[in-house]
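A.B. asks: Quick one: the structure is below, questions incoming.
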Amino acid sequence: MPGLIWIGQNRSMSGLHGGRAGTVGDDDRPRVKVWKIRELLHNERLRIPDYQRPYAWSTRNVAELVDDIRQFTPSGSYRIGTVILHGHPDEHGEQVLDVVDGQQRLTTLHLLARVLRATGHDPNKRDVARLRLSPFGAEQTAARAKENAEYMARLVNEWDRDTVREVADAVFLQCEVVVVTLTNLDEAFQMFDSQNSRGRALYPTDLLKAFHLREIGSGLRDATTKREVVELWEDIPAAHVNALFSEYLFKIRRWSGGRDVSKDGFTTNDIGMFKGIRERDVTNSENNWARPFVYAKNFTDDYRSENSTLVRFRMLQPVEYPHQIDQPVLNGETFFRMVSHYYLLGVRLGLLAFSDDKLSKAHQPALGKLRSTVINVIDEQGEPGGDRSRYAYIRGLLDALLIYYHDRFGTQGSDRFARLAARYVMVPRTRNFAVKRETINNHALGVGQGPGSFNLFQEVRDAGSAREVLNRDIPQPDFYGSDPAKRNEVDAAVVEALWNPKQVAQG
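The numbering used here puts the sequence shown at residues 725 to 1231.
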C-alpha cells in the first residue's frame, strides 16, 4: 500500500492566524467564514480524507481556473466557491479538518502556489502548509498532480515577471472561498455543494463509505483492515458502486418489503438502510435480533484465522460471511466485503449495469442457454437502431430478480428461474404501450390485475426452497387488450420465445 502523499513544503506554525481560522467549536453548529486562499493554503490541519476520490482534475480544468483568476481578480476579490470541512480529532487526538467538498480546487491551488514560488518572481514569501492527500488511489493522484504541475509550469514560464507577480497576488490575496466547518460528518455531507459545475457531487455511497470506515476503529490492526477494504472498494468503478446500490440492493430491499421506490430513487435520505449492527456495541447481547449475525461474523473470522494456512494451500475451502441482501448490515469491514461480494455476483450474472466492466468479459454469465434466446433479444433493443426505451426498465427489473434469487438459492434451478423472471417482467411490456418507472414499480409491488400481477420479490424472500418459487406459473399475457394490430413485432417474438420455446425452435 502506498504511503501518504503530501503537496507543499512543511513549515512550523505556532497557531492558526486570521482570528483562529479553521478552529473547531465545542458544539455541532456549522461555522461559516470567508477565507482568503492564503489562509486556506497556510492551514496545516487540512487533509484529504480516505473516503474522497483520487485527484482527477484535467489540464482543461486547471486552465479554466487560471483563466478565471486572471479575468476576475483585477476588479477586486474573486470568490471561487465553497469549501466544506469536517472538524474532528484524528487517531492521535489532534484536531484535523477533512475536506468534504473542494478537494479538487484545493489540491490544484496548492500545485499552483508551488509553481508560482518556484519562479522566484514572487516578491513575498508565500509559505504554504503541506496538504496531506489520501493514500488511496495514490498512483492516479500522483500522476494527475504531476501532469497538472508540469502544465502550470509551462503556462507560467510564458508569462513575464510582472504577470507572475500579479497572478501570485491574485491567488493569495484576492481569491477567497466560503468555508463551512462542521463537526458532524453526516451534516457536512448533506451540506455538500452539489451545484458546483466543476466538481463531482458525492453520491450516497460516498457517505456510506465514510460511515463504515469510521466504524472500523483506529487501532493498528484496524488501519490494516481499512487499507484492505478501501482497496476492495476502489477496485470497483465508482459508477458501478452507485449502480449496485441504486439499481439493485436498494430496490430489492424496498420491493421485497412491499415498499415502493420513489421517483428520486436512492438518495442520502435512504443510507440508513445500509447502516446496521455495530460489532463493538455492548448492547448486542441484549439485542436478540442482532446476535445471529454477530455469531456468524465471529465464526467466519475465527475460521479464517485458524485455518489460513490450510486454505492458502487449498486443503480447506474458504468460508465467507453468509451475506443476504435483505438482512441487517454489519457495520465496518463486513459492509465493504458485502459490496465486493454483490458486485462480483452481479458481474458473474451479466447484469446490464456492469456490462461495460472488463471483469464481465472474464466471467461466463450464469444464465445458461437462456442468454442465447430471450435476454439477448431484450439486450438488442439497447443497440443502435433498437428501441432502448421500450426495454430499459424491463431489463433492470429482470436483473434485480436474478441477483436476488441467486442471493437466496444460488444456482439451484437458475435457468428455470431466469425464464420465470423473464416471463414476469414481460407482463407489463405486453399490457402497456409505454412502460414507465411507475409501471415497473407497481408491477414489482404486485399492483395490478391478472395472473401475472404479484410481488415476485416477496415470494422469493418468503420461500423456504427454490421449488416453491420455480413452481410458480405465469400464463401467457394478452397484448394491449388482445388486439393483434397493436402488437409490437419484437414484443411478440420475445413472448413466443418465452412461452412457446419448442415452437420457436421448430420454426
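Note that the Cβ used here is the ideal one computed from N, Cα and C, for glycine as well.
Looking at C-alpha atoms only, which residue of His1065, Asn1055, Thr783 is the closest neighbour of Thr832?
C.D. replies: To locate residue 832, count along the sequence shown from 1; it is residue 108. It is Thr783 whose Cα lies nearest to the Cα of Thr832.
A.B. asks: Mapping DSSP to helix, strand and coil, what is Ile1198?
C.D. replies: Translated into positions along the sequence shown, residue 1198 becomes position 474. In the structure shown, Ile1198 sits in coil (DSSP, three-state: anything other than H, G, I, E or B).
A.B. asks: Measure the alpha-carbon distance for Leu830 versus Arg978 and round it to whole angstroms.
C.D. replies: Taking the first residue of the sequence shown as 1, we reach residue 830 at position 106. Taking the first residue of the sequence shown as 1, we reach residue 978 at position 254. Rounded to whole angstroms, Leu830 to Arg978 spans 39 angstroms at the Cα level.
A.B. asks: Would a C-beta distance cut-off of 9 angstroms place Leu1169 and Ile1127 closer than the cut-off?
C.D. replies: By one-based count along the sequence shown, residue 1169 stands at place 445. By one-based count along the sequence shown, residue 1127 stands at place 403. No, these two residues do not count as a Cβ contact at 9 angstroms.
A.B. asks: Ala866: which of Pro778, Thr1154, Arg1196 sits nearest, CA to CA?
C.D. replies: One-based indexing of the sequence shown puts residue 866 at position 142. Nearest C-alpha to Ala866: Pro778.
A.B. asks: Using a Cβ-Cβ cutoff of less than 8 angstroms, which residues in the same chain neighbour Asp1202 once the five nearest sequence positions on both sides are dropped?
C.D. replies: Along the sequence shown, read from residue 1 onward, the residue named residue 1202 stands at position 478. Counting only Cβ-Cβ distances below 8 angstroms, and skipping sequence neighbours, we find Thr1154, Arg1155.
A.B. asks: Report yes if the C-beta distance between Leu667 and Val1149 is below 9 angstroms; otherwise report no.
C.D. replies: Since the first residue of the chain shown is 725 and the last is 1231, residue 667 is not available in this structure.
A.B. asks: Going by the beta-carbon positions, is the gap between Leu932 and Phe974 smaller than 9 angstroms?
C.D. replies: Working through the sequence shown from its first residue, we reach residue 932 at position 208. Working through the sequence shown from its first residue, we reach residue 974 at position 250. Cβ distance not < 9 angstroms, so Leu932 and Phe974 don't count as in contact.
A.B. asks: Could you tell me whether the stretch 793-812 touches the stretch 987-1004, using the rule of 3 or more Cβ pairs below 8 angstroms?
C.D. replies: Too few Cβ pairs lie closer than 8 angstroms, so no.
A.B. asks: Apply the 10 Å Cβ neighbour rule to Ala1216 and answer buried if 16 or more other Cβ atoms are within range, or exposed otherwise.
C.D. replies: Within the sequence shown, the letter at position 492 stands for residue 1216. Exposed.
A.B. asks: Of all the options Tyr775, Val1018, Val786, His810, which has the alpha carbon lying nearest to the alpha carbon of Leu708?
C.D. replies: Coverage of the chain is limited to positions 725 through 1231, which leaves residue 708 absent and any answer about it impossible.
A.B. asks: What do you get for Phe1141, buried or exposed, if any count of 16 or more other CB atoms within 10 angstroms of its CB means buried?
C.D. replies: By 1-based counting over the sequence shown, the position of residue 1141 is 417. Buried, by the Cβ-count rule.
A.B. asks: When the Cα atoms are used, what is the spatial distance from Glu871 to Glu952?
C.D. replies: To locate residue 871, count along the sequence shown from 1; it is residue 147. To locate residue 952, count along the sequence shown from 1; it is residue 228. Cα to Cα, Glu871 sits roughly 28 angstroms from Glu952.
A.B. asks: Throw me the rounded Cβ distance for the Trp957 and Phe1060 pair, which I believe falls under 8 angstroms.
C.D. replies: If you number the sequence shown from 1, residue 957 lands on position 233. If you number the sequence shown from 1, residue 1060 lands on position 336. Rounded, the Cβ-Cβ distance is 6 angstroms, consistent with contact.
A.B. asks: What are the boundary residues of the beta strand (DSSP E) that includes Ile804?
C.D. replies: Position 80 of the sequence shown, counting from 1, holds the residue named residue 804. Ile804 -> beta strand (DSSP E) spans 802-813.
A.B. asks: In angstroms, rounded to a whole number, what distance separates the CA positions of Val1151 and Tyr972?
C.D. replies: For the purposes of this step, residue 1151 is identified with residue 427 of the sequence shown, where counting begins at 1. For the purposes of this step, residue 972 is identified with residue 248 of the sequence shown, where counting begins at 1. Cα-Cα distance, rounded: 20 angstroms.
A.B. asks: Going along the chain, which residues of its own chain have a beta-carbon closer than 8 angstroms to the beta-carbon of Gly739, five neighbours each way excluded?
C.D. replies: For this step, residue 739 is matched to residue 15 along the sequence shown. Model confidence at Gly739 stands at a pLDDT of 31, short of 50, so the residue's coordinates are unreliable and nothing is read from them.
A.B. asks: Would Arg1147 and Arg1185 qualify as a contact pair, given that the criterion is a beta-carbon distance under 9 angstroms?
C.D. replies: The count along the sequence shown starts at 1 and reaches residue 1147 at position 423. The count along the sequence shown starts at 1 and reaches residue 1185 at position 461. Cβ distance not < 9 angstroms, so Arg1147 and Arg1185 don't count as in contact.
A.B. asks: Where Leu809 and Phe1157 are concerned, what is the direct C-alpha to C-alpha distance, given to the nearest angstrom?
C.D. replies: The sequence position of residue 809 within the sequence shown is 85, counting from 1. The sequence position of residue 1157 within the sequence shown is 433, counting from 1. In a straight line, the C-alpha of Leu809 is about 50 angstroms away from that of Phe1157.
A.B. asks: Is it true that the stretch 997-1011 meets the stretch 1032-1043, where meeting means three or more beta-carbon pairs spaced less than 8 angstroms apart?
C.D. replies: Verdict: no, contact absent.
A.B. asks: In whole angstroms, give me the CA-to-CA distance for Arg885 and Glu900.
C.D. replies: The count along the sequence shown starts at 1 and reaches residue 885 at position 161. The count along the sequence shown starts at 1 and reaches residue 900 at position 176. Roughly 24 angstroms separates the two Cα atoms.
A.B. asks: Taking only the alpha-carbon atoms, compute the straight-line gap between Arg755 and Ser1029 and give it to the nearest angstrom.
C.D. replies: As a position in the sequence shown, residue 755 is number 31, starting the count at 1. As a position in the sequence shown, residue 1029 is number 305, starting the count at 1. Roughly 46 angstroms between the two C-alpha positions.
A.B. asks: Which residues does DSSP pair with Thr905 in a beta bridge?
C.D. replies: The residue given as residue 905 occupies position 181 in the sequence shown. Answer by DSSP bridge pairing, in chain order: Arg755, Leu809.
A.B. asks: Do three or more CB pairs link the stretch 886-906 to the stretch 792-800 at distances below 8 angstroms?
C.D. replies: Yes, they touch.
A.B. asks: Here's a check: name, in chain order, each residue in its chain whose Cβ is nearer than 6 angstroms to the Cβ of Ala1014, leaving out the five neighbours to either side.
C.D. replies: On the sequence shown, position 290 is the one that residue 1014 refers to. So the qualifying residues of the chain are Ile1001, Asn1008.
A.B. asks: Taking the continuous alpha helix (DSSP H) assigned at Leu765, which residues delimit it?
C.D. replies: On the sequence shown, residue 765 is found 41 positions in, with the first residue counted as 1. Leu765 -> alpha helix (DSSP H) spans 761-766.
A.B. asks: By the three-class DSSP mapping on this structure, what secondary structure does Arg771 have?
C.D. replies: Mapped onto the sequence shown, residue 771 falls at position 47. In this structure, Arg771 counts as strand in the three-state DSSP scheme.
A.B. asks: Nearest to Arg838 by alpha carbon, out of His812, Thr905, Tyr875, Val1018?
C.D. replies: Here residue 838 corresponds to residue number 114 of the sequence shown, with the count starting at 1. Among His812, Thr905, Tyr875, Val1018, the Cα nearest to that of Arg838 is on Tyr875.
A.B. asks: Between the beta-carbon of His1196 and the beta-carbon of Gly1137, is there less than 9 angstroms?
C.D. replies: Locating residue 1196 in the sequence shown gives position 472, counting from the first residue. Locating residue 1137 in the sequence shown gives position 413, counting from the first residue. The identity of residue 1196 in the sequence shown is Arg, whereas the question assumes His. Contact: no.
A.B. asks: Just tell me which of Leu1194, Phe1181, Asn1011, Thr948 has its CA closest to the CA of Thr1135.
C.D. replies: Stepping through the sequence shown from its first residue, residue 1135 is reached at position 411. Closest by alpha carbon: Leu1194.
A.B. asks: Rounded to the nearest angstrom, what separates Asp1050 and Gly826 at their Cα positions?
C.D. replies: Counting from one through the sequence shown, the residue named residue 1050 turns up at place 326. Counting from one through the sequence shown, the residue named residue 826 turns up at place 102. Rounded to the nearest angstrom, the two C-alpha atoms are 36 angstroms apart.
A.B. asks: Could you check the C-alpha separation between Phe1178 and Asn1212 for me, to the nearest Å?
C.D. replies: Reading the sequence shown from its first residue, position 454 is the one you call residue 1178. Reading the sequence shown from its first residue, position 488 is the one you call residue 1212. The alpha-carbon atoms of Phe1178 and Asn1212 are separated by roughly 24 angstroms.
A.B. asks: Under 9 angstroms between C-beta atoms, does Asn1156 make it to chain B?
C.D. replies: Given the protein chain composition of this structure (a single chain), no chain B is represented.
A.B. asks: Work out the CA separation of Arg769 and Leu879 for me, nearest whole Å.
C.D. replies: Residue numbering aside, residue 879 sits at position 155 when the sequence shown is read from its first letter. Residue numbering aside, residue 769 sits at position 45 when the sequence shown is read from its first letter. If I take the Cα positions, the gap works out to 30 angstroms.
A.B. asks: Going by C-alpha to C-alpha distance, which of Phe896, Pro1016, Val758, Thr1163 sits closest to Val790?
C.D. replies: Residue mapping note: residue 790 aligns to position 66 of the sequence shown, counting from 1. The shortest C-alpha separation from Val790 is found at Phe896.
A.B. asks: Kindly indicate the opening and closing residues of the alpha helix (DSSP H) around Val1218.
C.D. replies: For the purposes of this step, residue 1218 is taken as the residue at position 494 of the sequence shown. Where Val1218 is concerned, the enclosing alpha helix (DSSP H) stretches over 1213-1223.
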